[in-house]
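Student: Quick note on numbering: the sequence shown equals residues 193 to 441 in this note's numbering.
Once you've had a glance at the structure underneath, I'll fire off some questions.
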Amino acid sequence: MAEPIPLSKVSRHAQAWMTTHFLALLAWIPTLVHAWSMPPGHQYGPMGLTFLAFLLYWTVMMIAMMLPSFSPAFSWYLESLHMEREVTFRPVIRASSFLLGYIFAWFLTGIPIYGLSLASEYLATHSPSLTILGPILLIAVGAYQQTPLARNSLSHCKPGMATGCAIPVTSVGLADVSLGLRNGLYCLGACGGLMLIMLVVGLMNIPWMLGLTALIFCLKTWGQSGRFSVMVGVCLILTGILAFFYPVL
């Protein structure tokens, strides 16, 4: 096992930050193009996409929104690989596997999100009175941000920073994919609730997409992210309460 890496080393790999941000920038292009091309009112539900098309689009959108905040974890991983001091393509393969595992975790979330988007579209069309579920969801997500599960997930999706995680230094392939997948699942526990907000405001709501991207980036990179998560939760709860009385919110 590799030794736990101090926080001071996490940000040394500029190539990690450049890679994740470059991939995110590329993913934002089709994401925004598709959002701008959507007819009014089609930003809710599955956006008229088939299941497979929705999964593809959801994955691209997650790459755009989540990879910037993945930079510290990816940087930590590259630092861990650097300690092996290999001169072959093995570290490149391992880093790519770790990245693919993380992306795969968010790809899997597209499956339940597709079902939930169909349900939200049906309720909005056939039971307008149930729009009260929107404020309830905001309150539920805000309350979740206060739970030990959310805080624990947030600390574990920042490996090498708050948890002193280490990686297997001799494995390659599936082990690296598994580690990336595990990191993605921890991040899902920390930020997945925030993604559910997109069901309320619309999956193609560009201001909310950009706002959530910045919010999640702060949650996963700021040193006081635990307190910030609590503040975000309180704001969501208050917003949900206000939405009961002012549905226009």
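Cβ atoms here follow ideal geometry from the backbone N, Cα and C, with glycine treated the same way.
What you are looking at is a predicted structure, and each value in this text was computed from that prediction instead of being measured.
If you measure between the beta carbons of Ala216 and Ile398, is that distance less than 7 Å?
Tutor: No, the Cβ-Cβ distance between Ala216 and Ile398 is not below 7 Å.
Student: For Leu259, does the count of other Cβ atoms within 10 angstroms reach 16, so buried, or fall short, so exposed?
Tutor: That one is buried.
Student: Can you say whether Leu434 is buried or exposed, counting buried as having 16 or more other CB atoms within 10 angstroms of its CB?
Tutor: Exposed: under 16 other Cβ atoms inside 10 Å.
Student: Nearer than 6 Å: is that true of the beta carbon of Pro340 relative to any heavy atom of the ligand FMN?
Tutor: Among the components modelled here there is no ligand, and therefore nothing to report on the ligand FMN.
Student: Just the C-alpha distance for Gly334 and Ala287, rounded to the nearest angstrom, thanks.
Tutor: In a straight line, the C-alpha of Gly334 is about 34 Å away from that of Ala287.
Student: Leaving aside the five residues before and after Ser370 along the sequence, list all residues of the same chain whose C-beta is less than 7 Å from its C-beta, in chain order.
Tutor: Closer than 7 Å at the Cβ level, and outside the excluded window around Ser370, lie Gly293.
Student: Would His318 be called buried (16 or more neighbouring beta carbons within 10 Å of its own) or exposed?
Tutor: Per the 10 Å Cβ criterion, exposed.
Student: Looking at the secondary structure, which residues open and close the alpha helix (DSSP H) in which Leu366 lies?
Tutor: Note, Leu366: alpha helix (DSSP H), 366-393.
Student: Quick check on Met239: does DSSP put it in helix, strand or coil?
Tutor: Coil, per DSSP.
Student: What are the start and end residues of the alpha helix (DSSP H) that includes His205?
Tutor: Premise fails: His205 is in no alpha helix (DSSP H) and is neither H nor E.
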